[in-house]
Amino acid sequence: IFVDFKFDYKSYYDLSTDSSKDAETGDQKISKEPLSSLMAARNFFDDLPKLIEKRERIQSRRKRDDKALFTYFKGQFLAVSPDRQYQKNQIDMLKSLGIYKVFEKEIKRTLLIISSEVISKEMAGPAIRVWNFAKVLAEHMNVILAAPNKVSLQEQEFKIIQFRNDAELKEIIKDVDIILTGGMTFSKYGSIKKSGKYLIIDIYDPYNLATLAEYENEPIKKRLEIHKSIYYIFNEQLHYGDFFICASERQRDFWLGMLAALNRVNPYSYNEDPTLKKMIDVVPFGLPDNKPIHTREVLKGQIDGIGKDDFVIIW
């Protein structure tokens, strides 16, 4: 940090005596500066037992692991002095305290993906999406996929757990660092909101718009009641979520408007990332990355009215 700053540290902290002045000269006034670092070191070691106790108390209350904090460190190992011996002592001290190992340690966080749909050989859209989330993310972290049914599928690179109610889900949540869930699932299980975990909410289904068309033939009173309920559900999840994912850029524009209306888009979030991609980003529908392989005919020549050479468009 001070590489270009010319300063004679050795003479500044030189406490050696001059042999030519060994004779007693009476009381002398000693400058405070050279001794301040020694006094600070003594106070540090005197207070070390209390500091260790305080550190353990603080660590027990943490909600973010070391890896999450290390991303905020910049230039933590830069020398504060151009003096070679000073730099060597600094390196030796960091090594002896294990600081380098802490920063180099690979920390795998545990991610819980909660499915509101049945996980089986035949799955609905939301279940397919979370299944492929789990497969991809398992390459980078410990993944648990929680489903409301007993899953008979073969274990993958991730763990599959069944939960039947909010109490069981609460027990699963205790051992994870991050939760990824759909918005409606978040509203259904109170343990998610109360967990204090880092929360990723998947809002790829703008249900607040879908209900407008779904219930358009119902009496207006019923439609307003449904709309009010959905309105509060979405506002709550947009308030609590730490990060959001949606399915397209057009959806992202829509959700950014809602987030802005709730004051989630503000000077703080802008300073963190002017693109706001640290708040909400696009993850298209979850399908495997590998190209599909044709193994058998399922339509052409198999379904009445569809010939082997017909041009088929799937709508």
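Residue numbers (our numbering): 253 to 567.
Don't be surprised by glycine CBs; every beta carbon is placed ideally from N, CA and C.
Just to confirm my understanding: we take residue i, look at its own chain, exclude 5 residues before and 5 after, and list those with CB closer than 8 angstroms. What are they?
i	result
residue 429	317, 361, 362, 363, 449 and 450
residue 408	386, 387 and 390
residue 444	366, 421, 425, 431, 433, 437, 438 and 451
residue 347	none
residue 413	396, 397, 398, 399 and 424
Report all residues from its chain with a CB closer than 7 angstroms to the CB of residue i; omit the five preceding and five following residues, and keep chain order.
i	result
residue 551	558 and 564
residue 478	463 and 467
residue 255	In this prediction, residue 255 has a pLDDT of 44, which is less than 50 and means its spatial position is unreliable; what the coordinates show is noted afterwards. Cβ within range, chain order: 334.
residue 521	528 and 531
residue 442	418
How should residue i be labelled, buried or exposed, when 16 other C-beta atoms within 10 angstroms of its C-beta is the threshold for buried?
i	result
residue 283	exposed
residue 386	buried
residue 456	buried
residue 566	exposed
residue 329	exposed
residue 257	Bear in mind that a pLDDT of 45 at residue 257, under 50, signals an unreliable position, so the number given afterwards is only what the model happens to contain. By the 10 Å Cβ count, residue 257 comes out exposed.
residue 415	buried
residue 354	exposed
residue 344	exposed
residue 410	buried
residue 294	exposed
residue 454	buried
Checking 8 angstroms against the spacing of the C-beta atoms, do residue i and residue j come in under that value?
i	j	result
residue 421	residue 452	no
residue 331	residue 337	no
residue 496	residue 460	no
residue 506	residue 458	yes
residue 512	residue 534	no
residue 491	residue 514	yes
So residue i and residue j are in contact, right, with Cβ under 8 angstroms, and what is the actual spacing, rounded?
i	j	result
residue 488	residue 439	7 angstroms
residue 372	residue 398	Contact flag wrong, Cβ pair sits at about 15 angstroms.
Give me, in chain order, the residues of the same chain whose beta-carbon lies closer than 6 angstroms to that of residue i; leave out the 5 immediate sequence neighbours on both sides.
i	result
residue 494	450 and 451
Which residue spans inside the region 492-520 form an unbroken alpha helix (DSSP H) run of at least 4?
-> 501-513
Considering only residues of the region 325-370, which uninterrupted beta strand (DSSP E) runs meet the minimum length of 3 residues and lie entirely inside it, listed in chain order?
-> 362-366
Enumerated in chain order, which unbroken segments of the beta strand (DSSP E) with a length of 3 residues or greater are wholly contained in the region 383-445?
-> 394-399, 411-414 and 430-434
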